[in-house]
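*Asks:* Numbering (this note's numbering), first residue to last: 60 to 327.
1. Along the chain, which unbroken stretches of the alpha helix (DSSP H) at least 4 residues long are found entirely within the region 173–213?
2. Looking only at DSSP bridge pairs, what is residue 301 linked to?
3. Cβ atoms of residue 305 and residue 282: under 9 Å apart, would you say?
4. So, under 8 Å CB-CB, residue 223 and residue 247 are touching, yes? Tell me the CB distance rounded to an integer number of Å.
5. Is the CB-CB distance between residue 214 and residue 270 below 9 Å?
6. Pull up the distance between the alpha-carbon of residue 210 and that of residue 285, whole angstroms please.
7. How do the region 184–204 and the region 106–126 stand: do at least 3 beta-carbon pairs fall below 8 Å, yes or no?
8. Tell me whether residue 233 sits in a helix, a strand or coil according to DSSP, three-state version.
9. Round the Cβ separation of residue 239 and residue 216 to the nearest angstrom and send it over; I've been treating them as touching at under 8 Å.
10. Would you kindly work out how many angstroms separate the C-alpha atoms of residue 118 and residue 235, rounded to a whole number?
11. With respect to the beta strand (DSSP E) encompassing residue 153, which residues constitute its N-terminal and C-terminal limits?
12. By how many angstroms is the C-alpha of residue 68 removed from the C-alpha of residue 185?
13. Could you give the distance in angstroms between the alpha-carbon of residue 264 and the alpha-carbon of residue 257?
14. Pop quiz: residue 176 and residue 153 are said to be a contact at Cβ under 8 Å. What is the actual Cβ separation, rounded to whole angstroms?
15. May I ask you to report which of helix, strand or coil DSSP gives residue 314?
16. May I have the straight-line CA-CA distance separating residue 122 from residue 242, to the nearest angstrom?
17. For residue 275, count neighbouring C-beta atoms within 10 Å of its own C-beta (all shown protein chains included) and say buried if the count is 16 or more, exposed if not.
18. Just reading off the beta strand (DSSP E) that residue 219 is part of, what are its end residues?
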């Protein structure tokens, strides 16, 4: 057996091993997605060209311990964490594999488990290395991959990371039309508050902010609201009823008001 044949055999075995892992990952992710849909948690997925700093930002936001490596596909599966924003809004944050130019068709198929998390997201954080001289090209390449996997129409927030590598660049955010841009340094923890504010604003679209009354004997309804809405404040009436100030997905709120007469709208 020549060295070339040995290398090919080892590579083939490695591909088979990765594919087996990805089948398992795909099954686990589908179960997780069903649970999140039931819990009404929005999913925000980090996407970007390889080495843009996605995992560093993910670690900063979630205080997780995701591998940070300057190499291709350092993040194999889509790492998921719950995140609570300063305004108490909850979401699921997904860190995904780094995109590359001309991603081969067989690789797109092989990494479908991690890319599927992107396709199912409510919002994308498109991470860009602000110090990359070819950053505009990288943006276009990532958007092409997003189009290839059917995720081109998902709303994006552009996040220009690594501003610590730029001369005289401070954290800021701006919006031109529907394009929202945040400049930050995940490594130096600069501009994270700006990102939180933008996330809260974007995720509030399509939600209802109101005060509702839940009878004292409707503990299951109260528990459901705590699980499926952001409870900003709770007060109690003299007879023990709960007055809840909530932020909730409008579609889910409309369903509740139609199907559960115990829920009373106090103030919208």
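For glycine and all other residues, C-beta sits at the position ideal for the given N, C-alpha and C.
Since we're looking at a predicted model, the values are computed, not measured.
*Replies:* In short, the structure shows the following:
1. 194–207
2. If you number the chain shown from 1, residue 301 lands on position 242. Beta-bridge pairing links residue 301 to 273, 295.
3. Start at 1 with the first residue of the chain shown, and residue 282 comes out as number 223. Start at 1 with the first residue of the chain shown, and residue 305 comes out as number 246. Result no, Cβ atoms of residue 282 and residue 305 do not sit closer than 9 Å.
4. As a position in the chain shown, residue 223 is number 164, starting the count at 1. As a position in the chain shown, residue 247 is number 188, starting the count at 1. About 5 Å separates the two Cβ atoms, so the contact holds.
5. Residue mapping note: residue 214 aligns to position 155 of the chain shown, counting from 1. Residue mapping note: residue 270 aligns to position 211 of the chain shown, counting from 1. Contact flag unset, no.
6. Stepping through the chain shown from its first residue, residue 210 is reached at position 151. Stepping through the chain shown from its first residue, residue 285 is reached at position 226. About 31 Å.
7. yes
8. Against the chain shown, residue 233 aligns to sequence position 174. Strand at residue 233.
9. Taking the first residue of the chain shown as position 1, residue 239 is located at position 180. Taking the first residue of the chain shown as position 1, residue 216 is located at position 157. Rounded, the Cβ-Cβ distance is 5 Å, consistent with contact.
10. Numbered from 1 along the chain shown, position 59 holds the residue referred to as residue 118. Numbered from 1 along the chain shown, position 176 holds the residue referred to as residue 235. C-alpha separation (whole angstroms): 29 Å.
11. For the purposes of this step, residue 153 is taken as the residue at position 94 of the chain shown. Note, residue 153: beta strand (DSSP E), 149–154.
12. The count along the chain shown starts at 1 and reaches residue 185 at position 126. The count along the chain shown starts at 1 and reaches residue 68 at position 9. Spanning the two alpha carbons is a distance of roughly 37 Å.
13. Numbered from its first residue, the chain shown carries residue 264 at position 205. Numbered from its first residue, the chain shown carries residue 257 at position 198. Using only the alpha carbons, I get a separation of about 11 Å.
14. The residue given as residue 176 occupies position 117 in the chain shown. The residue given as residue 153 occupies position 94 in the chain shown. Confirmed, about 5 Å.
15. Your numbering for residue 314 matches position 255 in the chain shown. If DSSP states are grouped into helix, strand and coil, residue 314 belongs with the helices.
16. In the chain shown, counting from the first residue as 1, residue 122 sits at position 63. In the chain shown, counting from the first residue as 1, residue 242 sits at position 183. Their Cα atoms are separated by approximately 20 Å.
17. The residue labelled residue 275 in the question sits at position 216 within the chain shown. Exposed.
18. As a first step, residue 219 is located in the chain shown; it is residue number 160 there, counting from the start. Unbroken beta strand (DSSP E) run through residue 219: 215–220.
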